[in-house]
């Protein structure tokens, strides 16, 4: 079974709006990573957050981590059409386990 | 610098044939990973290399699947007697360090279609 599970499965928003997606996991972790995948391409690393961190920012991206709830969220602010992609969280159990992803569509 | 390179980008093969997929990691990256992604699905872990050794082969779906890495660099994933359920995108990634402490750099994958 997958360690990380993203929610929602799909998200459609208007350009300029914020997009929030969540990741839940089952076992304790050392770090959690978020990746983006554009159609037909490989995954691109976005942010790594360690278990002793609660929040991390990178440009328009904000990641939070709540180890007590075993959950993380990824917020994309002021979305652009180029943000249209699938987003995956990955957790470090004995292998790097990816969820099924959240597909984000940003409408112009 | 060059990223992770995978070849071929697309492969169509007949059921029962063997296929070999190649991955060239980023120079200097000691860890290399293979994942499989079916249409609209997440990533399924297959195997992980640290240098030339594979500490974790737990994800290989069957004994038809094997992988090797030589010289701490190029890796090949071989699927023998391919079946239709093997159709998927096979993704390779490398990282500077092992044990999931550093980001993975992915190639664009090999799309395998078994007819």
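Chains as they are written, first to last, in this note's numbering: chain A, 1 to 108; chain B, 1001 to 1115.
The C-beta atom is built at its ideal place from N, Cα and C for all residues, glycine as well.
Computed from a predicted model, the values in this text were never measured in an experiment.
Could you have a look at residue i and say whether DSSP puts it in helix, strand or coil?
{"i": "residue 1085 of chain B", "result": "helix"}
{"i": "residue 85 of chain A", "result": "strand"}
{"i": "residue 1029 of chain B", "result": "coil"}
{"i": "residue 61 of chain A", "result": "strand"}
{"i": "residue 1067 of chain B", "result": "strand"}
{"i": "residue 1 of chain A", "result": "Legend: pLDDT at residue 1 of chain A = 43, less than 50; position of this residue unreliable, value from coordinates given subsequently. Correct three-state label for residue 1 of chain A: coil."}
{"i": "residue 31 of chain A", "result": "strand"}
{"i": "residue 1018 of chain B", "result": "coil"}
{"i": "residue 1114 of chain B", "result": "strand"}
{"i": "residue 1010 of chain B", "result": "strand"}
In chain B, which residues lie less than 7 Å from residue i when you measure between Cβ atoms?
{"i": "residue 48 of chain A", "result": "1103"}
{"i": "residue 101 of chain A", "result": "1042"}
Run down chain A in chain order and give the residues with a C-beta less than 9 Å from the C-beta of residue i.
{"i": "residue 1106 of chain B", "result": "35, 37, 41, 42, 43, 44, 45"}
{"i": "residue 1048 of chain B", "result": "95, 96"}
{"i": "residue 1109 of chain B", "result": "40, 41, 42"}
{"i": "residue 1045 of chain B", "result": "95, 96, 97, 98"}
Quick check: what's the CA-CA separation for residue i versus residue j?
{"i": "residue 1025 of chain B", "j": "residue 67 of chain A", "result": "33 Å"}
{"i": "residue 107 of chain A", "j": "residue 84 of chain A", "result": "9 Å"}
{"i": "residue 54 of chain A", "j": "residue 1018 of chain B", "result": "47 Å"}
{"i": "residue 1116 of chain B", "j": "residue 1020 of chain B", "result": "The shown model of chain B, from 1001 to 1115, leaves out residue 1116 of chain B, and the question about it has no answer."}
{"i": "residue 69 of chain A", "j": "residue 1066 of chain B", "result": "38 Å"}
{"i": "residue 35 of chain A", "j": "residue 90 of chain A", "result": "8 Å"}
{"i": "residue 1035 of chain B", "j": "residue 45 of chain A", "result": "15 Å"}
{"i": "residue 110 of chain A", "j": "residue 1033 of chain B", "result": "The requested residue 110 of chain A is not part of the displayed model; chain A covers only 1 to 108."}
{"i": "residue 1083 of chain B", "j": "residue 62 of chain A", "result": "42 Å"}
{"i": "residue 65 of chain A", "j": "residue 1097 of chain B", "result": "23 Å"}
Going by CA-CA distance only, name the one from the options that's closest to residue i.
{"i": "residue 1090 of chain B", "options": "B:1103, B:1102, B:1075", "result": "B:1075"}
{"i": "residue 1055 of chain B", "options": "A:23, A:4, A:95", "result": "A:95"}
{"i": "residue 4 of chain A", "options": "A:97, A:14, A:82", "result": "A:97"}
{"i": "residue 1064 of chain B", "options": "B:1058, B:1080, B:1072", "result": "B:1080"}
{"i": "residue 1078 of chain B", "options": "B:1046, B:1028, B:1003, B:1029", "result": "B:1046"}
{"i": "residue 51 of chain A", "options": "A:45, A:71, A:60, A:44", "result": "A:71"}
{"i": "residue 1104 of chain B", "options": "A:8, A:15, A:7, A:92", "result": "A:92"}
{"i": "residue 1023 of chain B", "options": "B:1111, B:1092, B:1070, B:1044", "result": "B:1092"}
{"i": "residue 947 of chain B", "options": "B:1049, B:1013, B:1109, B:1083", "result": "Residue coverage of chain B in this structure runs from 1001 to 1115, which leaves residue 947 of chain B outside it and unanswerable."}
Using beta-carbon positions only, say whether residue i and residue j come within less than 8 Å of one another.
{"i": "residue 1038 of chain B", "j": "residue 1107 of chain B", "result": "no"}
{"i": "residue 22 of chain A", "j": "residue 58 of chain A", "result": "no"}
{"i": "residue 48 of chain A", "j": "residue 37 of chain A", "result": "no"}
{"i": "residue 1015 of chain B", "j": "residue 1115 of chain B", "result": "yes"}
{"i": "residue 1087 of chain B", "j": "residue 1031 of chain B", "result": "no"}
{"i": "residue 1042 of chain B", "j": "residue 88 of chain A", "result": "yes"}
{"i": "residue 6 of chain A", "j": "residue 101 of chain A", "result": "yes"}
{"i": "residue 42 of chain A", "j": "residue 1109 of chain B", "result": "yes"}
{"i": "residue 19 of chain A", "j": "residue 103 of chain A", "result": "no"}
Whose Cβ in chain A lies nearer than 8 Å to the Cβ of residue i?
{"i": "residue 1091 of chain B", "result": "42, 43"}
{"i": "residue 1086 of chain B", "result": "Here the premise fails: no neighbours, minimum Cβ distance about 19 Å."}
### Task
Anything in the stretch 1019 to 1037 of chain B with a Cβ closer than 8 Å to a Cβ of chain D? List those residues in chain order, please.
In the structure shown, chain D cannot be found, because the protein chains are A and B.
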